[in-house]
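Protein chains in written order, with this note's numbering: chain A, 1 to 197; chain B, 198 to 394.
All residues carry an ideal CB built from backbone N, CA and C; glycine is no exception.
Quantities reported herein were computed from a predicted structural model and do not represent experimental measurements.
Okay, structure first, notes after.
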DNA sequence: CGCGTGATTGAAACCCTTCAAGTTTAGTGG
DNA sequence: CCACTAAACTTGAAGGGTTTCAATCACGCG
């Protein structure tokens with residue numbers, strides 16, 4: 001049977017069936033139980049993760065021990081500390097599984113081979129990076145400019161599925177507010193007859 | 198005489214002298230006076246800008262008319278709305294010159310040709326993107342986690358040169374606080390016998 | 001059942017903003 | 001080169017949004 005990653009490559013990265021058979025033995029999938037680390041601060045990140053099933057998060061922990069979630073990754077999303085991976089530096093960040101998760105461990109060998117046999121894959125890879133940048137810029141713009149309520153509304157329209165799967169305190173951590181504040185924001189929205197969740 | 202961009206390409210992107218002569222007629226430089234727009238909201242961004250002289254900023258304006266600066270770009274920095282450029286969408290952002298500025302207008306023709314004649318350039322281009330992502334992630338992590346004072350201290354250690362060249366109210370806009378708040382932060386730091394500026 | 005985790009609520013404190021008024025600085029024209 | 005003006009920066013007082021800390025409630029799981 002064809003894996004989620006394989007269909008994804010065919011659909012989005014222009015990888016053909018014969019190319020896929022060349023790549024198949026380089027595709028390594030790993031299962032993580034809820035709470036398990038895919039990447040730990042201090043390690044050098046060696047992989048890009050493609051989430052086939054489950055849900056993972058990318059976050060930092062500050063001096064006071066508080067977690068700050070940079071990104072969530074549900075099915076068919078990529079996740080990695082690109083800085084650490086590309087520049088071979090030890091990571092400042094953590095990645096762990098929010099649910100039981102299976103992820104494809106994409107390493108340099110895979111990327112190199114895929115780029116070699118498919119120019120489309122190379123193009124696609126750039127697309128991923130460009131899109132990632134666009135995402136991060138919008139997020140910065142929003143963190144600078146919007147109130148807690150606006151940020152939460154943005155979140156539930158952008159990630160309606162995540163709103164249900166992710167515990168509330170993690171959403172708060174993503175938005176840069178406390179769980180208590182998020183609870184109050186939701187209370188206010190409920191009073192305004194808002195039913196987005 | 199060799200332009201700043203040309204030396205930059207040779208030093209960082211592995212472009213050789215003969216390759217450079219092939220590229221030379223594709224390198225278009227333009228001068229902007231202080232306050233002039235390099236990119237205006239609503240336009241589709243067609244260029245990546247390499248700042249040879251001067252200083253530019255990349256920012257958004259929210260519904261209330263407030264500016265939020267995403268990025269500064271002094272000499273030898275790149276600046277672009279990559280989302281708009283790559284995906285051909287109209288931009289949400291502005292780019293304008295803070296000082297009189299000359300910028301290289303890098304378009305798709307240039308990138309295509311340079312990638313063609315130099316595999317190193319392609320590698321280098323990916324490096325730029327990866328580095329940009331790393332930068333943005335750190336910024337998000339900081340916006341979520343740090344106080345106004347911490348953010349300002351980070352700014353002056355990361356961009357000591359900009360601290361002097363950029364008006365204070367723009368630094369405030371970059372940090373996501375009001376000019377008044379930044380003024381007070383500086384006052385507190387001065388009392389603590391801090392002399393970073 | 002009881003424990004632990006997550007969500008809610010309240011009150012006080014804190015950080016930052018807003019608005020309004022000054023002061024300083026920088027640029028312009030006489 | 002000074003005088004004038006506008007823009008930038010500072011300062012104060014009041015207000016708003018968010019955090020903190022603490023207590024309570026709700027729920028799922030051993």
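Close partners of residue 373 of chain B in chain A (Cβ separation under 8 Å): 143, 144 and 145. When C-beta distances to chain B are compared with 7 Å, the residues of the stretch 69 to 95 of chain A below that value are 70, 82, 83 and 86, in chain order. Residue environment for residue 234 of chain B: exposed (fewer than 16 other C-beta atoms within 10 angstroms of its C-beta). Here residue 168 of chain A is exposed: its Cβ has fewer than 16 other Cβ atoms, across all protein chains shown, within 10 Å. At the C-beta level, residue 264 of chain B and residue 344 of chain B stay beyond 8 Å of one another. Pairing residue 240 of chain B with residue 277 of chain B gives a Cβ-Cβ distance that is not under 8 Å. Linking residue 297 of chain B to residue 228 of chain B through their CA atoms gives a straight-line distance of about 8 Å. Around the Cβ of residue 28 of chain A, a 10 Å sphere holds fewer than 16 other Cβ atoms; the residue is exposed. Nearest neighbour of residue 304 of chain B by Cα position, chosen from B:282, B:327, B:330 and B:332, turns out to be B:282.
When C-alpha distances from residue 88 of chain A are compared across B:285, B:262, B:260 and B:324, the shortest belongs to B:324. Around the beta carbon of residue 63 of chain A, fewer than 16 other beta carbons sit within 10 angstroms, so the residue counts as exposed. In the displayed model, residue 59 of chain A falls within a strand according to three-state DSSP. Where residue 67 of chain A is concerned, the enclosing beta strand (DSSP E) starts and stops at 67 to 73. Selection B:223, B:202, B:280 and B:238 evaluated against residue 137 of chain A yields B:280 as nearest (Cα-Cα).
Under the three-state reduction of DSSP, residue 185 of chain A is assigned to helix. With a cutoff of 8 Å on beta-carbon distance, residue 247 of chain B and residue 275 of chain B are scored as near each other. Collapsing the DSSP output to three states places residue 351 of chain B in a helix. The shortest C-alpha to C-alpha distance from residue 271 of chain B to any of B:385, B:357 and B:376 is the one to B:357. For residue 367 of chain B, the enclosing alpha helix (DSSP H) has its first and last residue at 365 to 372. Judged by DSSP in its simplified three-state form, residue 16 of chain A adopts coil rather than helix or strand.
Using a CB distance cut-off of 8 Å, residue 245 of chain B does not count as an interface residue toward chain A. Within 10 angstroms of the beta-carbon of residue 65 of chain A lie fewer than 16 other beta-carbons, which makes it exposed. Within chain A, not a single residue places a beta-carbon under 9 Å from that of residue 383 of chain B; the smallest gap is close to 19 Å. Residue A:93 holds the alpha-carbon nearest to the alpha-carbon of residue 331 of chain B among A:93, A:12 and A:22.
At a beta-carbon threshold of 8 Å, the residues of chain A lying near residue 330 of chain B are 82, 83, 129, 132, 133 and 136, ordered along the chain.
By the rule that beta-carbons nearer than 8 Å mark a contact, residue 139 of chain A touches chain B.
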